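Only one structure is covered here, and it is reproduced in the block below.
Protein chains in written order, with this note's numbering: chain A, 1 to 569; chain B, 1 to 180.
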């Protein structure tokens with residue numbers, strides 16, 4: 001590629017175009033003006049003007065999660081960049097590939113406490129996979145190339161690039177590098193993977209359990225995972241981010257385990273003698289009390305990030321590498337062992353699993369109940385959305401767990417949520433990003449009244465873009481999950497969890513020039529869902545008044561053993 | 001010179017050796033990994049290597065074994081960290097430098113010179129009522145020297161922190177970077 005003279009800002013735009021970026025999310029401001037000026041001339045980049053930078057960050061996450069590409073968001077110096085911090089931390093915890101671009105004050109002003117200056121690279125250092133402060137214009141092209149590469153490869157994550165205003169304004173000779181050399185990144189693994197040892201464990205296990213995490217999604221290894229699961233014939237449990245790693249309607253899939261997983265999923269992993277963990281990190285929300293987690297199980301842990309191996313649960317056989325590459329090799333070894341020694345008889349194990357499943361199904365006790373149960377709302381919505389190419393996203397709280405329990409995902413990248421950081425306010429921004437990435441999909445947000453109010457100002461953004469997203473607010477006028485903990489563990493001392501019946505979400509929707517609906521009684525539910533799903537002209541907000549004190553069951557109290565569950569029996 | 005063996009209780013002092021890119025903010029990334037976990041760094045030294053693009057860091061921490069392995073893994077994950085390894089006590093040469101200023105009348109100088117000689121230390125600055133001693137060696141040796149000098153009245157002291165290399169032919173640079 002021949003060198004071309006241009007400004008630093010034009011170089012950023014050119015680099016983003018070269019990386020194949022289509023949508024990016026941000027808001028202009030004083031120091032990032034040169035970049036917006038350059039963006040004005042771009043024919044390839046489509047910029048979404050959000051109303052708060054955090055929303056731009058979550059929208060980029062939704063976009064990345066739904067599309068499998070790198071999400072891009074931007075912010076100006078000072079508050080424009082600090083507002084991005086929550087979204088960056090969220091992406092870091094959930095391994096979402098993002099490139100976050102911020103402008104900073106000009107180089108001579110850095111460190112002088114200039115107007116809208118902040119040490120944003122200092123702030124984002126522990127919540128990014130990597131970050132850069134670009135002090136030399138000639139580094140710009142290389143840094144952006146590296147940022148995209150680091151964000152999407154290995155265990156994906158957010159990469160932050162901070163560019164001083166005078167670097168954006170400087171003239172440079174632009175040449176986009178073809179190759180990348182980062183000497184300390186993803187060093188080659190020297191030891192050969194202990195595949196035959198892992199396969200031998202799979203063969204000798206009598207009570208195996210496959211545990212799928214978000215790594216299946218980020219490693220794009222759905223086909224390989226389904227093949228492995230069917231080969232072994234073992235029960236499969238997933239995490240919140242593992243939802244959709246295998247169709248939840250698959251006969252081997254016991255769906256989500258953990259704090260609000262089903263009893264049968266928890267009992268299965270807890271009683272297993274072998275856990276095969278694929279792209280997972282043994283988070284405290286799935287293991288319960290670590291010391292009592294699956295006490296008889298040996299562990300085969302296949303994971304791209306070596307730092308996750310034996311971090312919390314010691315791996316009997318660690319397998320470090322890309323799921324997509326390593327898992328087919330493990331399958332081949334397992335096939336070999338099965339051919340030599342026959343398949344293990346998992347009949348007795350499945351019998352126990354089926355007994356648990358029959359005894360403790362996830363139930364909805366709507367009968368005789370005049371109020372709408374939130375579980376019913378999710379289940380009806382799920383049924384009615386079938387065949388409409390649905391993608392679901394959520395906020396954080398009780399509604400999120402009901403969605404996880406009753407929304408069955410059949411395809412990858414169909415359930416998009418904030419898991420690790422647990423960021424309330426994620427739903428609406430994420431829905432915006434998802435709909436842009438997947439114009440064909442029916443994007444359904446399942447939100448809570450508390451969560452929705454954290455980012456509701458960006459309804460304006462969704463209206464501007466005429467995005468037909470549908471946000472169902474399971475409205476119980478509480479900060480429900482915290483209230484649930486207060487009821488169960490804090491002697492019903494409901495400190496600061498009741499929310500006032502304000503704003504009127506239907507009128508709010510109308511004020512934003514979009515459709516607002518309400519389902520206050522059970523008989524309203526179906527027609528309202530039908531109307532919302534049929535609405536294609538811009539966003540739709542549905543205020544679903546649910547039974548206020550309904551709780552998420554079953555539940556493993558924080559710090560309790562995984563099989564020590566409350567409710568759901 | 002006879003090397004003094006480690007006097008510190010074993011099992012909780014760990015020496016980590018890192019090869020890192022010689023770039024701004026690398027030290028902050030590394031220090032941050034310890035800080036966020038509430039681990040105190042006993043000593044940290046950083047300086048240039050035989051290749052200008054890399055620096056070497058020696059970090060001494062007091063931790064139990066499991067967190068150390070985690071820290072090693074997390075350090076390895078940092079993009080500017082080329083390689084990191086815990087050096088085993090038997091397999092490393094480790095040195096530290098100390099400068100000690102002693103305020104003492106001239107009549108004590110002879111005795112101090114003799115003491116310094118025992119520790120292969122040098123007197124690097126002399127004034128009528130003070131002198132400065134420079135010594136190198138293992139942490140344990142410098143600890144003993146410090147103890148011996150205490151009665152003379154140490155007014156100021158500065159230790160470099162440990163630097164260390166593995167014995168033998170092994171190097172920290174990973175194979176894909178060797179000889180490039």
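Yeah, the Cβ is synthetic: ideal placement off N, Cα and C, and Gly gets one too. Predicted model only: the values in this text are computed from it and were never measured.
What does DSSP give as the partner residue(s) for residue i in the beta ladder?
| i | result |
| --- | --- |
| residue 136(B) | 97(B) |
| residue 401(A) | Its beta-bridge partners do not exist; DSSP assigns none. |
| residue 22(A) | In the DSSP output, where bridge partners are listed per residue, residue 22(A) has none listed. |
| residue 54(B) | 21(B) |
| residue 85(B) | 17(B) |
| residue 475(A) | 545(A) |
| residue 364(A) | None, per the DSSP bridge assignment. |
| residue 505(A) | Its beta-bridge partners do not exist; DSSP assigns none. |
| residue 260(A) | Residue 260(A) is not bridged to any residue. |
| residue 303(A) | 320(A) |
Name the chain B residues whose beta carbon is nearer than 7 Å to that of residue i?
| i | result |
| --- | --- |
| residue 125(A) | 28, 29 and 32 |
| residue 164(A) | Those within 7 Å of residue 164(A) in chain B number zero; the least Cβ separation is about 14 Å. |
| residue 150(A) | 79 |
Taking the alpha carbon of residue i as the point to measure from, which residue in the options has its own alpha carbon closest?
| i | options | result |
| --- | --- | --- |
| residue 234(A) | 206(A), 215(A), 527(A) and 247(A) | 206(A) |
| residue 547(A) | 104(A), 522(A) and 213(A) | 522(A) |
| residue 500(A) | 477(A), 42(A) and 434(A) | 477(A) |
| residue 541(A) | 549(A), 556(A), 504(A) and 567(A) | 504(A) |
| residue 400(A) | 372(A), 473(A) and 99(A) | 473(A) |
| residue 80(A) | 30(A), 379(A) and 67(A) | 30(A) |
| residue 204(A) | 138(A), 261(A) and 275(A) | 275(A) |
| residue 108(B) | 50(B), 58(B), 127(B) and 99(B) | 127(B) |
| residue 21(B) | 48(B), 12(B), 41(B) and 31(B) | 48(B) |
| residue 360(A) | 519(A), 262(A) and 509(A) | 262(A) |
| residue 9(A) | 26(A), 371(A), 18(A) and 32(A) | 32(A) |
| residue 131(B) | 152(B), 142(B), 137(B) and 80(B) | 152(B) |
| residue 100(B) | 133(B), 57(B) and 42(B) | 133(B) |
| residue 158(A) | 513(A), 131(A) and 170(A) | 131(A) |
| residue 140(A) | 167(A), 87(A) and 373(A) | 167(A) |
| residue 524(A) | 543(A), 564(A) and 115(A) | 543(A) |
| residue 55(A) | 178(A), 427(A) and 41(A) | 427(A) |
Which chain C residues are close to residue i, counting only those with a beta carbon under 7 Å from its beta carbon?
| i | result |
| --- | --- |
| residue 289(A) | Protein chains in the displayed structure are A and B, and chain C is not among them. |
How is residue i classed by DSSP in three states: helix, strand or coil?
| i | result |
| --- | --- |
| residue 573(A) | Residue 573(A) lies beyond the residue range present for chain A, which begins at 1 and ends at 569; the question has no answer from this structure. |
| residue 155(B) | strand |
| residue 174(B) | coil |
| residue 165(A) | helix |
| residue 45(B) | strand |
| residue 498(A) | strand |
| residue 406(A) | helix |
| residue 141(A) | helix |
| residue 443(A) | strand |
| residue 127(B) | strand |
| residue 186(A) | coil |
| residue 39(B) | coil |
| residue 320(A) | strand |
| residue 147(B) | helix |
| residue 463(A) | helix |
| residue 6(B) | With a pLDDT of 41 at residue 6(B), under the threshold of 50, the predicted position of this residue should be treated as unreliable, though the coordinate-derived value follows. Coil, per DSSP. |
| residue 330(A) | helix |
| residue 127(A) | helix |
| residue 215(A) | helix |
| residue 427(A) | helix |
Closer than 8 Å by beta-carbon distance: list the chain A residues that pair up with residue i, in chain order.
| i | result |
| --- | --- |
| residue 21(B) | 183 and 184 |
| residue 70(B) | 307 and 311 |
Could you name the residues of chain A that residue i contacts, counting a contact when the two beta carbons are closer than 7 Å?
| i | result |
| --- | --- |
| residue 174(B) | 187 |
| residue 73(B) | 306 and 307 |
| residue 82(B) | 183 and 184 |
Anything in chain A within Cβ reach of residue i, meaning under 9 Å, just list it in chain order.
| i | result |
| --- | --- |
| residue 51(B) | Under the 9 Å cutoff, chain A gives no residues; its nearest Cβ is about 11 Å from residue 51(B). |
*Of all the residues that make up the stretch 130 to 148 of chain A, which are near chain B by a beta-carbon distance shorter than 7 Å?*
If the cut-off is 7 Å between Cβ atoms, the stretch 130 to 148 of chain A has 130 near chain B.
*Along the stretch 171 to 202 of chain A, what residues have a CB closer than 9 Å to any CB found in chain B?*
Taking 9 Å as the Cβ-Cβ cut-off, the stretch 171 to 202 of chain A approaches chain B at 182, 183, 184, 185, 187, 188 and 190, given in chain order.
_Residues, ordered as in the chain, of the stretch 292 to 315 of chain A that lie near chain B by beta-carbon distance below 9 Å_ = The residues in question are 305, 306, 307, 308, 309, 310 and 311.
*Taking a Cβ distance cut-off of 7 Å, strictly less, list which residues of the stretch 89 to 102 of chain A are near chain B, in chain order.*
Sequence-ordered contacts of the stretch 89 to 102 of chain A with chain B are nonexistent [C-beta pairs closer than 7 Å].
*Cβ-based contacts, 9 Å cut-off: residues of the stretch 125 to 138 of chain B near chain A*: Hits within the stretch: zero.
_Can you pull out the residues from the stretch 36 to 47 of chain B whose beta carbon lies closer than 8 Å to at least one beta carbon of chain A?_
Answer set for the stretch 36 to 47 of chain B: 36.
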